[in-house]
Amino acid sequence: MRERLLSTALNIALLALSVAALVLLLIASSQIGERLERNARGVDLVVGAKGSPLQLILSSIYQMDRPTGNIPLSALYQLRRDPGVARVIPLALGDAFRGYRIVGTEPAYLSLYGAQIAAGQMFAGQGDCVVGAEAARDLGLTVGQRFIGGHGMGEEAESGSGAEHAAQPFTVTAILKPTGTVADRLIVTSVDTIWHMHGVEAPAVDAEPDASAEAEITALLVTYRNAAGAVRLPMMINRQTNMQSAVPAIETNRLLSLLGVGIDGAMLFGWLLALIGGLSIFVAMLNAANAREGDLALLRVMGATRGQVFGTILMEGTVTAVLGACVGALTAHLVLAQVSSGQSPLAQLGLEPWRWSGGEVVIVAIVVGIGAITALVPAMRIFTVNLAETLGKTGR
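For the sequence shown, my numbering gives the first residue as 1015, with consecutive numbering after it.
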């Protein structure tokens, strides 16, 4: 009996492992794609310092990498005068508070994500900031609270090493409602505040600087006015300036293609585990049927029909598969909830660990089907059992 319990537990564990892997990959492939698309919505072009286009997109839109460098403030005004441009939003990056990035920008940046204020009012004065819903919850920040940021892009600023900004604290003027975007994890302030924190004498964002101005920004988020701008601007910026332009749609598709190769391979491995789990159930059920041949024959003699005995054996295999599939699906969500909290890269993607999808039901149904099918052969043996011979062998 103990051996059968151990065998059943191992079968459940093997199926649970395969389902957990498949569900995790399903969530990753669907939610990551959705999040990347949602965070890039409304931005047609990103302009920044020369370097990797993908790095520029990751740092400026998804807030997941280091910036490629800074660009002169004059680029902002040049682009705003361009007839092919409808909107340009500046970004000033480089600071963080306990792992959450501080972004210097304009209120229009928050409108990209449909962000609305839950409490307080939009930043206006020097040092004012608004905090995303998730950042406020994790950091325990409330309206009116003050804190000191530090240099660095996340982890290096976690230690609270903000001595360089001790005389220039931030004041929380508003907490944002959840948006399901990168804005939930940001601390947003004005570009002027970022310049002031770094001791840069700079003009206001709405006043064009002269050639000697020291002020710089990290990147520009551009929205086209017409198709002509989409054709002309990227080529002009890349060829005629010391900056680079990157198209979010192109770089995001490239990133998803790279991720897709790994996800497809891992999904194949997950299905292989499921098949191995089904084969394991088959072997266990076959051995159990052989060991319990006398008991099954006795059930027949006592009045049980072949269909009833067949259903009992089939049900045993199916229940094992159901338990394995359900445990695996639950485990996947528990693991995702754990790894998507705090400051991990997955947390920065803002995945929803407890959002269930129809694809998971399909995975569970297929795995249960595999378990039921593999239990068919052992169950079919009841139709070939010779009752007299079997009872004679077992002494019943």
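Don't be surprised by glycine CBs; every beta carbon is placed ideally from N, CA and C.
This structure is a prediction, so every number in the text was calculated from the model and none was measured.
Beta-carbon contacts of residue i that lie in its chain and below 7 Å, excluding the five residues immediately before and after
i, result
"G1174", "Unreliable positioning characterises G1174 in this predicted model, as indicated by a pLDDT of 48, which lies under 50. The coordinate reading is nonetheless provided below. Same-chain partners within the cutoff: R1112, G1164."
"A1133", "V1157, A1188, I1189"
"T1345", "A1030, A1034"
"H1210", "Q1140, Q1182"
"R1094", "V1102"
"I1277", "L1039, A1042, S1043"
Nearest candidate by alpha-carbon position, reference residue i, set the options
i, options, result
"A1100", "T1255, G1243, W1285, G1385", "G1243"
"I1208", "G1166, R1094, N1240, E1330", "G1166"
"T1203", "D1096, A1030, G1108, A1351", "G1108"
"W1433", "L1348, V1353, V1378", "Outside the shown range of the chain (1015 to 1410) lies residue 1433, about which nothing can therefore be said."
"M1250", "G1325, G1098, L1029", "G1098"
"T1326", "I1380, P1392, I1384, V1341", "P1392"
"G1141", "I1116, Q1130, G1154", "I1116"
"L1365", "V1376, L1350, V1236", "L1350"
"I1046", "A1260, G1385, N1084, S1354", "S1354"
"A1233", "L1272, R1160, A1343, Q1077", "Q1077"
"L1328", "R1151, I1387, V1205", "I1387"
"Q1322", "L1273, M1394, P1067", "M1394"
"A1027", "A1379, G1383, I1377, A1343", "A1343"
"L1059", "I1277, T1237, I1380, V1376", "T1237"
"V1341", "F1324, V1245, V1381", "V1381"
"V1261", "F1324, R1055, V1336, I1131", "R1055"
"N1256", "I1162, S1066, A1147, I1085", "I1085"
"G1385", "V1336, Q1352, V1375", "V1336"
"V1057", "I1162, I1131, A1147, T1266", "T1266"
"E1470", "D1152, V1205, I1162, G1083", "Residue 1470 is absent from the model: the chain starts at 1015 and stops at 1410."
Integer-rounded CB distance, given that residue j should sit under 8 Å from residue i
i, j, result
"L1070", "G1062", "5 Å"
"G1331", "A1280", "Wrong, their Cβ atoms sit about 27 Å apart, outside the cutoff."
"A1149", "L1200", "6 Å"
"I1231", "P1104", "5 Å"
"L1270", "L1050", "7 Å"
"G1118", "A1106", "3 Å"
"L1155", "V1145", "5 Å"
"V1102", "L1087", "Rounded, the Cβ-Cβ distance is 12 Å, inconsistent with contact."
"L1235", "D1096", "L1235 to D1096, Cβ: 14 Å. No contact."
"L1038", "I1377", "Not really, about 11 Å apart at Cβ, beyond 8 Å."
"A1229", "V1214", "6 Å"
Neighbourhood of residue i by C-beta distance below 8 Å, restricted to the same chain and skipping five residues each side
i, result
"N1025", "G1291, S1294, I1295, A1298, T1334, G1338"
"S1371", "L1040, I1041, S1044"
"N1252", "Q1258, S1259"
"A1122", "R1101, I1103"
"N1147", "Checking the sequence, you will find Ala at residue 1147 rather than Asn. Closer than 8 Å at the Cβ level, and outside the excluded window around A1147, lie A1132, I1189, L1190, K1191, P1192, T1193, D1198."
"R1268", "L1068"
"H1212", "G1108"
Residues bridged to residue i [DSSP beta-bridge criterion]
i, result
"R1160", "T1185"
"Y1076", "None; Y1076 has no bridge partner."
"C1143", "V1186, T1203"
"M1257", "A1063"
"V1233", "Note on identity: in this sequence residue 1233 is Ala, with Val being the wrong assignment. Note: A1233 sits in a beta bridge opposite G1062, L1105."
"H1165", "D1109"
Sequence-distant residues of its chain with Cβ nearer than 6 Å to residue i (five each side left out)
i, result
"S1032", "G1284, L1287, A1288, G1291"
"L1040", "G1373"
"T1195", "R1052, N1053, Y1127"
"A1042", "none"
"E1172", "Residue placement at E1172 is flagged as unreliable, the pLDDT there being 49, under the threshold of 50; a coordinate-derived value is accordingly withheld."
"A1129", "L1190, T1193, A1197"
"R1160", "P1183, T1185"
"S1021", "A1298"
"K1064", "Q1258"
"V1375", "none"
"M1015", "Only weak support is given to the placement of M1015: the predicted model assigns it a pLDDT of 42, under 50, and the value that follows is read from those uncertain coordinates. Cβ neighbours of M1015 beyond the five flanking positions: none."
"Q1352", "none"
"T1082", "G1062, A1063, G1065, Q1069, L1070"
Any non-hydrogen atom of the ligand MN within 7 Å of residue i CB
i, result
"A1089", "In the structure shown, the ligand MN is absent, as is every other ligand, since no ligand is present at all."
- Message: What ranges does the alpha helix (DSSP H) occupy inside the segment 1094-1138, keeping only unbroken runs of at least 4 residues that lie completely in it?
- Response: Counting only runs of at least 4 residues, the segment 1094-1138 fully encloses the following alpha helix (DSSP H) elements, listed from N- to C-terminal order: 1121-1125.
- Could you pull out every unbroken alpha helix (DSSP H) segment of at least 4 residues lying fully inside the segment 1037-1090, listed in chain order? You should have 1067-1074.
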